[in-house]
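Converting from the sequence shown to my numbering requires adding 37 to each position, the first position being numbered 1.
Glycine is no exception: its CB is placed at the ideal position from the N, C-alpha and C atoms.
What follows is one structure encoded as structure tokens, with my remarks underneath.
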Amino acid sequence: MARCTPAATADVDGDGADDEIALGQVNTGRWLLRVLVADGSAAEYPFDTATSAPITSPWHGAAVVDGAPGAEIALLTDLGAHTMWFTVLTYRDGQLTELGPPPAEAGQAEGWVVDSADSGWLGYTCGRSGPASTLLVTSARRIDGPSGAEGYDETSVLFGWAGSGWQEISRETRAYGHADPDTHRLAGWNCEGLPRFARE
């Protein structure tokens, strides 16, 4: 796999066999992802990372995120002090294409974003409801009072995969005290095959 270094193996096309995933740097901020599927065919995806961010490798992992057959590929594309932006790829009809995230809540950053800070958190939890895949999107913001931080308001929205897109199943809200040990529990990626955060 010229110009690329093996990154992982995963069943990307959903046929039950592991496929080879490799990644190469073309130049500063420019990368090439290549997947060699078990039948011998290949798919490529060129992409950019933010040149201002210290991203030595955008590879994050592979996990089943949506309800279609095969694992998705998560790539780190931008990095802030505590916020991380990702591109999530899926394999469709022999091509690697971007998988869009569920709709963002009002005031929430657009795209595949994870965060964990004293100001709040944002994360994704992969799961199942019977035979169907689900994705729980959790966001929280800090509530400040006259004497400082009082706690957090958290919103968790459960989505299912409806053939070609996300469909909301349910939602719930929860309040935490600022010192509650359960705060930030659902921050980051909570999906088998993906580290919670890019620095892990």
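Tell me the rounded alpha-carbon separation between Ala-14 and His-221. An answer regarding residue 14 cannot be provided, because it is not within the stretch 38 to 237 covered by the chain.
For Asp-48, which residues in the same chain have their Cβ closer than 7 Å to its Cβ, ignoring the five residues on either side in sequence? Ala-54, Asp-55, Asp-56, Gly-107, Ala-108
Please go through the region 123-149 and give each complete beta strand (DSSP E) segment of 3 or more residues, from N-terminal end onward. 132-135
Cβ atoms of Tyr-82 and Leu-126: under 8 Å apart, would you say? A contact, by the Cβ cut-off of 8 Å.
Would you list the residues sitting across from Ser-78 in a DSSP beta bridge? For Ser-78, which the question treats as bridged, DSSP gives no partner whatsoever.
Can you tell me which of Trp-96, Asp-103, Trp-158 puts its alpha carbon nearest to the alpha carbon of Gly-200? For the residues Trp-96, Asp-103, Trp-158, the minimum Cα distance to Gly-200 belongs to Asp-103.
Got a sec, what are the start and stop residues for the beta strand (DSSP E) Leu-70 sits in? 67-73
Provide the residue span of the beta strand (DSSP E) that contains Phe-196, from first to last. 185-198
DSSP on Ile-180, reduced to helix/strand/coil? strand
Would you report the Cα separation of Glu-237 and Thr-120, rounded to the nearest angstrom? The predicted model places Glu-237 with a pLDDT of 45, which falls under 50 and marks its position as unreliable; any figure quoted below should be read in that light. Spanning the two alpha carbons is a distance of roughly 14 Å.
Which one or two residues does DSSP pair with Leu-173 in a beta bridge? Thr-162, Leu-195
Three or more C-beta pairs closer than 8 Å, one from the region 155-169 and one from the region 178-193: is that the case here? yes
Considering only residues of the same chain and omitting the five flanking positions on each side of Asp-85, which have a CB-CB separation below 8 Å? Gly-66, Arg-67, Trp-68, Thr-114
Measure the C-alpha to C-alpha separation of Ile-92 and Leu-173 and round it to an integer number of angstroms. 27 Å
Pull up the distance between the alpha-carbon of Asn-64 and that of Gly-117, whole angstroms please. 21 Å
Leaving aside the five residues before and after Asp-231 along the sequence, list all residues of the same chain whose C-beta is less than 7 Å from its C-beta, in chain order. The sequence shown places Leu at residue 231, rather than the Asp named in the question. Excluding positions up to five away in sequence, the list reads His-97, Gly-98, Ala-100, Ala-111.
Over the uninterrupted beta strand (DSSP E) stretch that includes Ser-207, give me the two end residues. 203-214
Can you name, in chain order, every residue of its own chain whose Cβ lies under 8 Å from the Cβ of Arg-208, other than the five neighbours on each side? Thr-192, Ser-193, Val-194, Leu-195
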